[in-house]
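**Q** Its first residue numbered 1, the sequence shown is counted upward by one per residue in UniProt numbering.
Pasting a structure here, questions to come.
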Amino acid sequence: MDERREEQIVQLLNSVQAKNDKESEAQISWFAPEDHGYGTEVSTKNTPRSEKKLDNQETKLINQEKKVFRIRNKSYIDRDSEYLLQENEPDGTLDQQLLEDLQKKKNDLRYIEMQHFREKLPSYGMQKELVNLIDNHQVTVISGETGCGKTTQVTQFILDNYIERGKGSACRIVCTQPRRISAISVAERVAAERAESCGNGNSTGYQIRLQSRLPRKQGSILYCTTGIILQWLQSDPHLSSVSHIVLDEIHERNLQSDVLMTVVKDLLNFRSDLKVILMSATLNAEKFSEYFGNCPMIHIPGFTFPVVEYLLEDIIEKIRYVPEQKEQRSQFKRGFMQGHVNRQEKEEKEAIYKERWPDYVRELRRRYSSSTVDVIEMMDDDKVDLNLIVALIRYIVLEEEDGAILVFLPGWDNISTLHDLLMSQVMFKSDKFLIIPLHSLMPTVNQTQVFKRTPPGVRKIVIATNIAETSITIDDVVYVIDGGKIKETHFDTQNNISTMSAEWVSQANAKQRKGRAGRVQPGHCYHLYNGLRASLLDDYQLPEILRTPLEELCLQIKNALDKQEELTPLGVHLARLPVEPHIGKMILFGALFCCLDPVLTIAASLSFKDPFVIPLGKEKIADARRKELAKDTKSDHLTVVNAFKGWEEARRRGFRYEKDYCWEYFLSSNTLQMLHNMKGQFAEHLLGAGFVSSRNPKDPESNINSDNEKIIKAVICAGLYPKVAKIRLNFGKKRKMVKVYTKTDGLVAVHPKSVNVEQTDFHYNWLIYHLKMRTSSIYLYDCTEISPYCLLFFGGDISIQKDNDQETIAVDEWIIFQSPARIAHLVKELRKELDILLQEKIESPHPVDWNDTKSRDCAVLSAIIDLIKTQEKATPRNFPPRFQDGYYI
1 MDERREEQIV
11 QLLNSVQAKN
21 DKESEAQISW
31 FAPEDHGYGT
41 EVSTKNTPRS
51 EKKLDNQETK
61 LINQEKKVFR
71 IRNKSYIDRD
81 SEYLLQENEP
91 DGTLDQQLLE
101 DLQKKKNDLR
111 YIEMQHFREK
121 LPSYGMQKEL
131 VNLIDNHQVT
141 VISGETGCGK
151 TTQVTQFILD
161 NYIERGKGSA
171 CRIVCTQPRR
181 ISAISVAERV
191 AAERAESCGN
201 GNSTGYQIRL
211 QSRLPRKQGS
221 ILYCTTGIIL
231 QWLQSDPHLS
241 SVSHIVLDEI
251 HERNLQSDVL
261 MTVVKDLLNF
271 RSDLKVILMS
281 ATLNAEKFSE
291 YFGNCPMIHI
301 PGFTFPVVEY
311 LLEDIIEKIR
321 YVPEQKEQRS
331 QFKRGFMQGH
341 VNRQEKEEKE
351 AIYKERWPDY
361 VRELRRRYSS
371 STVDVIEMMD
381 DDKVDLNLIV
391 ALIRYIVLEE
401 EDGAILVFLP
411 GWDNISTLHD
421 LLMSQVMFKS
431 DKFLIIPLHS
441 LMPTVNQTQV
451 FKRTPPGVRK
461 IVIATNIAET
471 SITIDDVVYV
481 IDGGKIKETH
491 FDTQNNISTM
501 SAEWVSQANA
511 KQRKGRAGRV
521 QPGHCYHLYN
531 GLRASLLDDY
541 QLPEILRTPL
551 EELCLQIKNA
561 LDKQEELTPL
571 GVHLARLPVE
581 PHIGKMILFG
591 ALFCCLDPVL
601 TIAASLSFKD
611 PFVIPLGKEK
621 IADARRKELA
631 KDTKSDHLTV
641 VNAFKGWEEA
651 RRRGFRYEKD
661 YCWEYFLSSN
671 TLQMLHNMKG
681 QFAEHLLGAG
691 FVSSRNPKDP
701 ESNINSDNEK
711 IIKAVICAGL
721 YPKVAKIRLN
731 FGKKRKMVKV
741 YTKTDGLVAV
751 HPKSVNVEQT
761 DFHYNWLIYH
771 LKMRTSSIYL
781 YDCTEISPYC
791 LLFFGGDISI
801 QKDNDQETIA
811 VDEWIIFQSP
821 ARIAHLVKEL
831 RKELDILLQE
841 KIESPHPVDW
851 NDTKSRDCAV
861 LSAIIDLIKT
871 QEKATPRNFP
881 PRFQDGYYI
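Structure follows, in structure tokens:
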């Protein structure tokens with residue numbers, strides 16, 4: 001560092017400390033060295049008297065003002081709580097009106113037509129039994145096969161029963177769905193059956209994040225995602241206005257539904273009037289009944305046509321399949337031990353499989369041809385054989401009757417490869433086939449075709465993940481090809497890394513997939529695994545709560561229910577933001593450092609998904625367009641910001657420009673609109689908490705530094721730390737090579753879809769990333785190049801060390817920079833000032849007044865911003881020969 005820089009830091013520090021009353025020093029850094037931004041307890045032992053005075057005298061007034069503000073503008077705090085916060089008092093006049101309306105409907109031709117359909121459902125014949133069971137018990141478990149009508153009918157049975165008894169106004173049913181698409185489609189179906197439009201003050205509506213069609217206040221049914229109720233619990237822990245909670249699809253055992261069941265079980269102790277109905281598509285009702293004190297169970301028979309099932313040996317025998325490449329099978333290489341998941345039960349099943357395999361082969365030879373058994377022994381069933389699927393589809397098309405084909409595959413790579421294999425054959429290029437990949441990376445407009453019936457002579461082939469098991473129904477499917485695998489994410493707590501791997505399906509998955517084939521006529525289901533494998537499949541998938549991080553939900557539930565344990569001030573704010581803690585922390589820093597709009601774009605993208613889509617066959621062009629949007633930022637996060645800015649500009653010019661922009665840059669307009677809405681929600685939370693003065697994310701006062709790339713990167717670092725990786729340049733004979741390392745994993749790789757994947761011209765030695773995932777390798781997703789000052793001011797604890805008589809400054813004792821001793825101490829002092837300020841801001845939020853240049857908070861933040869803005873770029877000359885990985889500040 002030159003003398004000018006040293007003098008600048010001294011002046012800034014002196015300016016800051018002159019405004020500090022110097023009665024205290026931060027005892028504990030606000031930045032935790034662990035990977036939990038909310039976990040550090042803020043020290044108040046040596047709080048200045050002026051701060052104590054603020055806490056004791058003014059905080060109550062501030063809180064009262066905020067309380068009034070919340071009552072006056074509830075939507076500022078959480079627009080998703082609008083339905084919950086409505087009063088639900090008995091109303092005799094409304095009871096009579098609801099009864100008259102229901103009686104009139106029974107003469108409506110639309111209602112009569114729908115009633116004929118309803119009467120054919122298995123659940124309809126059990127209406128009285130179901131209603132009596134629910135009326136007489138606080139908790140009821142209902143199991144029913146796919147197609148029995150439990151999701152659409154049970155809620156209507158309850159509502160109509162209350163209305164007919166003259167108690168309609170006391171009925172307020174909330175039914176949870178695991179996915180957004182399910183909540184919307186089911187609500188619209190129920191509304192249609194009741195001869196109404198969805199929402200608009202009618203009997204049925206839906207509520208998903210940032211989108212709703214709300215029903216009337218009382219005598220109503222609301223379908224919503226599970227996360228909505230978890231969010232409601234923060235506003236009303238007792239859900240006082242709800243009469244019935246219906247938890248649907250609980251067999252999926254996803255994280256949110258399991259946590260909600262736990263909360264609801266506790267809630268029953270305070271709400272003896274609350275009715276809880278648990279609904280499952282599989283016959284595992286006993287487990288849920290036991291959890292709720294052996295509550296009563298009832299089963300609704302299914303309504304499907306018979307389905308013929310085929311195992312792998314049947315399929316090979318039937319179509320006489322022979323693999324193109326005859327390789328020695330790796331039957332016991334991994335078997336049940338998919339990916340890198342090392343669980344005892346998997347090891348035990350692998351041992352059983354290996355032990356039984358010789359006997360099973362002998363049995364196969366008695367029942368099947370030698371060629372079939374030879375193929376079975378040759379195949380590597382650890383991988384999904386896509387060539388076999390192509391051959392099977394050809395067989396179905398040429399030999400079987402008409403009907404749509406649904407193929408289940410574990411992930412995008414398999415889906416895109418199978419699509420390419422089919423399109424490489426002349427047969428499938430004709431207009432007699434409609435091939436539809438179904439995945440979140442695909443443009444939504446393409447996927448809407450999946451629900452439409454094809455014209456005569458056109459065969460529909462849908463290639464999908466497990467989303468097609470329960471969340472959506474494709475009515476014309478007759479043939480199902482079960483690839484036998486499902487993508488699961490597991491979190492390794494020891495190594496702090498998520499692992500995504502293709503696991504064998506469970507028996508429950510297989511049953512659901514089979515059921516997709518018998519909706520409209522007798523069907524066929526082809527399972528791509530042998531009989532021995534089938535006999536050893538788990539009954540159900542491992543519940544998500546046992547294999548994923550729980551930080552966000554823990555914050556939500558703790559804030560909602562736990563009165564005994566207190567969160568840190570930061571934890572309280574993070575719990576109110578509907579995002580994971582790291583992203584919430586980033587949002588708070590974006591408000592503090594006045595670069596709010598771009599940071600909210602990044603936060604929305606990370607908590608939902610990025611807006612890029614990948615049309616099959618145009619992957620390279622899409623990658624090029626993404627790098628074009630990066631504009632040499634060396635940041636996936638800022639690439640999304642640039643994409644979003646371009647979309648906003650195009651939208652201002654009109655619909656045609658917006659459509660052309662999204663088409664050119666392979667962007668989803670629906671996702672961009674969702675990000676736009678989420679930004680508004682985040683801003684409302686910040687306004688309610690006091691961090692900003694406007695609900696508009698583009699408010700000029702909150703965006704003074706929004707055009708400064710370095711400040712935005714620093715805020716990204718503040719949120720995502722300690723997710724840091726080190727860049728090392730290797731100078732080969734022909735070209736530069738970049739290798740990336742993390743502290744715990746050593747060598748890792750930047751994900752191929754990142755704009756940094758082929759980057760070699762980095763200015764600094766560090767990347768901050770959002771997600772680290774082990775698949776075929778350990779990949780870093782969504783990464784951004786950051787400078788040393790970002791780490792020094794927004795990383796973990798800093799310390800000054802000596803290395804061979806050379807002073808070094810270290811972040812969490814592993815990110816080390818060389819620095820003259822005087823500068824190292826100055827930076828550490830300035831960091832302490834920042835820590836103190838952050839504690840004050842979190843404990844008593846208020847927008848920064850940048851016009852008051854004499855204020856301490858303005859001085860501290862201005863000092864930090866000035867240093868980050870003027871950070872010089874690194875070159876090889878910055879690095880001393882013996883310390884190439886260090887950095888002179």
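Glycine residues also receive a C-beta, built at the ideal position from the N, C-alpha and C atoms.
Counting Cβ pairs, one atom from each stretch, are 3 or more of them under 8 Å apart for the region 594–607 and the region 701–711?
**A** As far as the Cβ criterion goes, the region 594–607 touches the region 701–711, which means the pair count is three or higher.
**Q** Please name the residue or residues paired with residue 459 in a DSSP beta bridge.
**A** BP columns for residue 459 point to 433.
**Q** What alpha helix (DSSP H) runs, 4 residues minimum, are completely inside the region 789–876?
**A** Runs found: 821–843 and 856–869.
**Q** What is the rounded straight-line gap between the Cα of residue 386 and the Cα of residue 641?
**A** Rounded to whole angstroms, residue 386 to residue 641 spans 38 Å at the Cα level.
**Q** Measure the alpha-carbon distance for residue 744 versus residue 755 and round it to whole angstroms.
**A** Taking the straight line joining both Cα atoms gives about 24 Å.
**Q** Alpha carbon to alpha carbon, how far is residue 222 from residue 288?
**A** Approximately 23 Å between the Cα atoms of the pair.
**Q** Can you find the residues in the same chain that come closer than 6 Å, C-beta to C-beta, to residue 178, ignoring five residues on each side of it along the sequence?
**A** Closer than 6 Å at Cβ, skipping near neighbours: 249, 252 and 254.
**Q** In chain order, what residues of the same chain lie with their CB nearer than 6 Å to the CB of residue 870, ignoring the 5 residues before and after it?
**A** Excluding sequence neighbours, residue 870 sits near nothing in its chain.
**Q** Report buried or exposed for residue 100, applying the criterion of at least 16 other Cβ atoms within 10 angstroms of its Cβ.
**A** The residue in question, residue 100, is exposed, as its Cβ has fewer than 16 Cβ neighbours within 10 Å.
**Q** What did DSSP end up calling residue 210 once you bin it into helix, strand or coil?
**A** Residue 210 falls in the coil class under three-state DSSP.
**Q** Where does residue 220 sit, in a helix, a strand or coil, going by DSSP?
**A** Residue 220 falls in the strand class under three-state DSSP.
**Q** Tell me where the alpha helix (DSSP H) around residue 378 begins and ends.
**A** That run of the alpha helix (DSSP H) goes 370–378.
**Q** Among 188, 486 and 662, which one has its Cα closest to the Cα of residue 214?
**A** The residue with the shortest Cα to Cα distance from residue 214 is 188.
**Q** Leaving out five residues before and five after residue 606 in sequence, what residues of the same chain have Cβ atoms less than 7 Å from its Cβ?
**A** Excluding sequence neighbours, residue 606 sits near 583, 770 and 782.
**Q** Do residue 830 and residue 768 have their C-beta atoms closer together than 8 Å?
**A** For residue 830 and residue 768, no; Cβs fall outside 8 Å.
**Q** Do you know offhand how far residue 212's Cα is from residue 727's?
**A** Using only the alpha carbons, I get a separation of about 45 Å.
**Q** Can you tell me whether DSSP reads residue 936 as helix, strand or coil?
**A** No information on residue 936 is available, as it lies outside the stretch 1 to 889 that the chain covers here.
**Q** Please state whether the Cβ-Cβ distance between residue 404 and residue 319 is less than 8 Å.
**A** In this structure, residue 319 does not lie closer than 8 Å to residue 404 by Cβ.
**Q** Which of helix, strand or coil does DSSP assign to residue 506?
**A** It is coil, neither helix nor strand.
**Q** Please state the DSSP three-state secondary structure of residue 757.
**A** Coil at residue 757, not helix or strand.
**Q** Can you give, in chain order, each stretch of the beta strand (DSSP E) that sits fully within the region 226–260 and has at least 3 residues?
**A** Here the runs fully enclosed are 244–247.
**Q** Under DSSP, the alpha helix (DSSP H) around residue 144 begins and ends at which residues?
**A** Careful: residue 144 lies outside any alpha helix (DSSP H), inside the beta strand (DSSP E) at 139–144.
**Q** Among all the DSSP beta bridges, which residues are the ones paired with residue 746?
**A** Bridge partners of residue 746: 742.
**Q** What's the C-alpha gap between residue 758 and residue 634?
**A** For residue 758 and residue 634, the distance between alpha carbons rounds to 10 Å.
**Q** Express the C-alpha separation of residue 637 and residue 679 in angstroms, rounding to a whole number.
**A** Those two C-alpha atoms are separated by around 15 Å.
**Q** What residue range does the beta strand (DSSP E) around residue 404 cover?
**A** Note, residue 404: beta strand (DSSP E), 404–408.
**Q** Using the C-alpha atoms, what's the distance from residue 389 back to residue 480?
**A** About 11 Å.
**Q** At what residues does the alpha helix (DSSP H) containing residue 605 begin and finish?
**A** 596–607 is the extent of the alpha helix (DSSP H) around residue 605.
**Q** Assuming residue 409 and residue 483 form a contact by the criterion Cβ under 8 Å, report the distance between their Cβ atoms to the nearest whole angstrom.
**A** Confirmed, about 5 Å.
**Q** Are residue 191 and residue 204 touching if we call contact CB-CB under 8 Å?
**A** Going by C-beta atoms, residue 191 is nearer than 8 Å to residue 204.
**Q** Taking residue 226 as the reference, which of 174, 193, 413 and 220 has the closest Cα?
**A** When each option's Cα is compared against that of residue 226, the closest is 174.
**Q** May I ask which residues mark the beginning and end of the alpha helix (DSSP H) holding residue 297?
**A** It is not in any alpha helix (DSSP H) - residue 297 instead sits in the beta strand (DSSP E) that spans 297–300.
**Q** I'd like to know whether the C-beta atoms of residue 131 and residue 157 end up nearer to each other than 8 Å.
**A** Yes, the pair counts as a contact, with Cβ atoms nearer than the cut-off.
**Q** What residue range is occupied by the uninterrupted alpha helix (DSSP H) comprising residue 640?
**A** Taken as a continuous stretch (DSSP letters only), the alpha helix (DSSP H) holding residue 640 covers 636–653.
**Q** So, at 6 Å on beta carbons, what are the nonlocal neighbours of residue 427 in its own chain, with the 5 sequence-adjacent residues on each side left out?
**A** Closer than 6 Å at Cβ, skipping near neighbours: no residue.
**Q** Can you find the residues in the same chain that come closer than 6 Å, C-beta to C-beta, to residue 884, ignoring five residues on each side of it along the sequence?
**A** Any reading at residue 884 needs caution, since the residue's pLDDT is 36, under 50, leaving its predicted position unreliable; the model's value is listed next. Counting only Cβ-Cβ distances below 6 Å, and skipping sequence neighbours, we find nothing.
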